[in-house]
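Participant: Protein sequences appear in the order of chains A and B.
All residue numbers for the first sequence refer to my numbering, where the first residue is 1 and numbers rise by one.
All residue numbers for the second sequence refer to my numbering, where the first residue is 1001 and numbers rise by one.
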Amino acid sequence: AQSVTQLGSHVSVSEGALVLLRCNYSSSVPPYLFWYVQYPNQGLQLLLKYTSAATLVKGINGFEAEFKKSETSFHLTKPSAHMSDAAEYFCAVSEGPGGRRALTFGSGTRLQVQP
Amino acid sequence: KAGVTQTPRYLIKTRGQQVTLSCSPISGHRSVSWYQQTPGQGLQFLFEYFSETQRNKGNFPGRFSGRQFSNSRSEMNVSTLELGDSALYLCASSLGIGQTNTEAFFGQGTRLTVV
Chain A
1 AQSVTQLGSH VSVSEGALVL LRCNYSSSVP PYLFWYVQYP NQGLQLLLKY
51 TSAATLVKGI NGFEAEFKKS ETSFHLTKPS AHMSDAAEYF CAVSEGPGGR
101 RALTFGSGTR LQVQP
Chain B
1001 KAGVTQTPRY LIKTRGQQVT LSCSPISGHR SVSWYQQTPG QGLQFLFEYF
1051 SETQRNKGNF PGRFSGRQFS NSRSEMNVST LELGDSALYL CASSLGIGQT
1101 NTEAFFGQGT RLTVV
């Protein structure tokens, strides 16, 4: 069985500040991990993915995440927040790399960016 | 190339009715998955179709069903609608095979409201 915990349902940062969104996972097999972003009334857009290659993963829009097996974590960071980053972010895990594998999602973190 | 297309975008139905949602995957993608998103339960996997066969199923009642056509387009049906079925239904497509098949691409969703 697999699960994802996102700490903090709401995170607020100032424009230009560091963004840190936390994700911890549980998986009985080596996990494949994903971060998705969702804007209001939109679907999910993939930000980045970890598929057992490099532990530091760079994604789109300046986001990156580091896979830490010892901490079972996959936190999402961005050095400098922009107003356009305001959205809901979902961490997800699957049992394999294939796009066909069912994704188990965390409950989401809503990011607010203050001017 | 065109992304995942879901129709309709919005739908209002009455309790007890049935509804059919449609999903056209990215050209060349053979796998289609469906997810339900609600404020209370978050994002939950419904089922996945590949080559016109249901390959994986989440924990939903039999009122939720789907099918996939030879052109990979998929439909999802919900019968005897309940108020709790009000949700954003998201479709995701993936290649289904091959080394690059590591992620699913989501459509914008169909917002179903049951009254």
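A virtual CB, placed ideally from N, CA and C, is assigned to each residue, including glycine.
Among the candidates SER26/A, HIS75/A, GLN42/A, whose CA atom is the shortest distance from the CA of ALA1092/B?
Facilitator: Start at 1 with the first residue of the second sequence, and residue 1092/B comes out as number 92. When each option's Cα is compared against that of ALA1092/B, the closest is GLN42/A.
Participant: Which of the three DSSP states is assigned to ILE1012/B in this structure?
Facilitator: Residue mapping note: residue 1012/B aligns to position 12 of the second sequence, counting from 1. Strand, per DSSP.
Participant: Only counting the same chain, and skipping five residues up and downstream in sequence, which positions put a Cβ closer than 6 Å to that of ARG1067/B?
Facilitator: As a position in the second sequence, residue 1067/B is number 67, starting the count at 1. Counting only Cβ-Cβ distances below 6 Å, and skipping sequence neighbours, we find GLU1075.
Participant: In its own chain, which residues sit with a C-beta less than 6 Å from the C-beta of LEU44/A, not counting the 5 before and 5 after it?
Facilitator: Numbered from 1 along the first sequence, position 44 holds the residue referred to as residue 44/A. If we look at LEU44/A and ignore the five residues flanking it on each side, its Cβ neighbours are TYR36, GLN38.
Participant: Check whether the stretch 55-74 of chain A and the stretch 1005-1024 of chain B are in contact - that is, three or more C-beta pairs closer than 8 Å.
Facilitator: The stretch 55-74 of chain A, when compared against the stretch 1005-1024 of chain B, does not touch it at the 8 Å Cβ threshold.
Participant: What residues from chain A crowd round GLN1108/B, counting only those whose CB sits closer than 9 Å?
Facilitator: As a working mapping, residue 1108/B is identified with position 108 in the second sequence. ASN41, GLN42, GLY43, listed in chain order.
Participant: With DSSP collapsed to three states, give me the class of SER12/A.
Facilitator: For the purposes of this step, residue 12/A is taken as the residue at position 12 of the first sequence. The answer is strand: DSSP assigns SER12/A an E or B state.
Participant: Would you say LEU46/A and PHE63/A are within 8 Å of each other, going by their C-beta atoms?
Facilitator: Here residue 46/A is taken as the residue at index 46 of the first sequence, counted from 1. Here residue 63/A is taken as the residue at index 63 of the first sequence, counted from 1. Not in contact: LEU46/A and PHE63/A (Cβ atoms no closer than 8 Å).
Participant: In chain B, which residues lie with their C-beta within 9 Å of the C-beta of THR51/A?
Facilitator: To locate residue 51/A, count along the first sequence from 1; it is residue 51. THR1102, GLU1103, listed in chain order.
Participant: Would you mind stating whether SER94/A and ALA102/A have Cβ atoms separated by less than 8 Å?
Facilitator: Taking the first sequence and counting its residues from 1, one reaches residue 94/A at position 94. Taking the first sequence and counting its residues from 1, one reaches residue 102/A at position 102. Yes. Within cutoff.
Participant: Put LEU1083/B into one of helix, strand or coil per three-state DSSP.
Facilitator: Within the second sequence, residue 1083/B is the residue found at index 83, counting from 1. In this structure, LEU1083/B counts as helix in the three-state DSSP scheme.
Participant: So what's GLY62/A in DSSP terms, helix, strand or just coil?
Facilitator: Looking up residue 62/A in the first sequence gives position 62. GLY62/A: helix per DSSP, three-state reduction.
Participant: Whole angstroms are fine: how far does the CA of GLN114/A sit from the CA of GLN1054/B?
Facilitator: As a first step, residue 1054/B must be located in the second sequence, where it is residue number 54. As a first step, residue 114/A must be located in the first sequence, where it is residue number 114. Distance between the alpha carbons of GLN1054/B and GLN114/A is about 45 Å.
Participant: Below 9 Å on C-beta distance, what does LEU21/A contact in chain B?
Facilitator: As a first step, residue 21/A is located in the first sequence; it is residue number 21 there, counting from the start. What LEU21/A touches in chain B: nothing, since even the nearest Cβ is about 16 Å away.
Participant: Run down chain A in chain order and give the residues with a C-beta less than 7 Å from the C-beta of GLU1048/B.
Facilitator: Taking the second sequence and counting its residues from 1, one reaches residue 1048/B at position 48. Simply ARG100, ALA102.
Participant: Which residues, in order along the stretch 63-86 of chain A, keep a beta-carbon less than 8 Å from a beta-carbon of chain B?
Facilitator: Listed by position, the residues of the stretch 63-86 of chain A near chain B (Cβ gap below 8 Å) amount to none.
Participant: Going by the beta-carbon positions, is the gap between LEU1046/B and GLN1037/B smaller than 8 Å?
Facilitator: Within the second sequence, numbered from 1, the residue matching residue 1046/B stands at position 46. Within the second sequence, numbered from 1, the residue matching residue 1037/B stands at position 37. No, Cβ-Cβ distance for LEU1046/B and GLN1037/B is not below 8 Å.
Participant: Is the Cβ of LEU1112/B closer than 8 Å to any Cβ of chain A?
Facilitator: Taking the first residue of the second sequence as 1, we reach residue 1112/B at position 112. It does not; no Cβ of chain A falls within 8 Å.
Participant: Restricting to runs no shorter than 3 residues, where is the beta strand (DSSP E) found entirely within the stretch 1032-1066 of chain B?
Facilitator: Counting whole runs of 3 or more residues, the stretch 1032-1066 of chain B contains the beta strand (DSSP E) stretches 1042-1050, 1053-1057.
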